[in-house]
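In our numbering, the protein residues as written are 4 to 230. For each residue, glycine too, the CB sits at the ideal point set by N, CA and C. Keep in mind it's a predicted model, so treat the numbers as computed, not measured.
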Ligand code: DC
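Okay, here's the thing in structure tokens:
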């Protein structure tokens, strides 16, 4: 089964995806981390962000893998662990042009389909319900106000010790990225026609998690009610 969770950055997708996966005993696939890993490798190799052929070469030939370090998920590209390196402000800025490159998207969508269909997955991203898994059993479009998302991102950056912790800078960056992600030609951020809309502004995140688990159980997901 595939549970697709799409929405803008900072809407709470990662928190919700991890919790839903734990409750239902599913795996998690963070597709944003894959675009970030390609952006990191481009910087590492000195590939310009407008060099579509160079970016495509990375997306096609540098396999991305996910692992575990205790309870935390790790990300590697071409065998290099980039778990923390892909969360910096520099990668925040570089990733939008990388994810707007159609050839990169085609290559990563191939990888995402291969990974996701190998098991039961909660897949989070921007185009999961529309492009990657249009036949996903559960589709959720999760949003929150830009201000709420900026506050959350600041707290997250403090916890991780990376990224900007200045609220105004983070808010401006969120608004800029929403604009790029929603208006790009290739797979813009938009809800699937059959997605269930959920807004996590001022809502207990547990309610969102329970609602999604309820939708998945109706479609036959097992999982432990008590988890
Ligand atoms: O969710 P995130 O902030 O880690 O995503 C990083 C970038 O990748 C963001 O600019 C949106 C883009 N992205 C995308 O275009 N498609 C996806 N399925 C996932 C992320």
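Spanning the alpha carbons of residue 107 and residue 46 requires a straight line of approximately 15 Å.
Within the region 122–176, the alpha helix (DSSP H) runs of at least 4 residues that lie entirely inside it are, in chain order, 149–163. By the criterion of a C-beta distance shorter than 6 Å, residue 194 is surrounded in its chain by 144, once the five residues flanking it on both sides are discounted. Taking non-hydrogen atoms of the ligand DC into account, the C-beta of residue 128 is found less than 6 Å away from one of them. Spatial neighbours of residue 148 in its own chain (CB-CB distance under 7 Å, excluding positions within 5 residues in sequence) are listed in chain order as 204. If you compare the alpha carbons of 14, 9 and 10 with that of residue 206, the shortest gap goes to 14.
Taking 4 residues as the minimum length, the alpha helix (DSSP H) runs contained wholly in the region 21–105 are 34–48, 55–64 and 92–102, in order along the chain. Inter-residue distance for residue 124 and residue 8 is about 11 Å (C-alpha atoms, whole angstroms). Here residue 161 is exposed, its C-beta having fewer than 16 other C-beta atoms within 10 Å.
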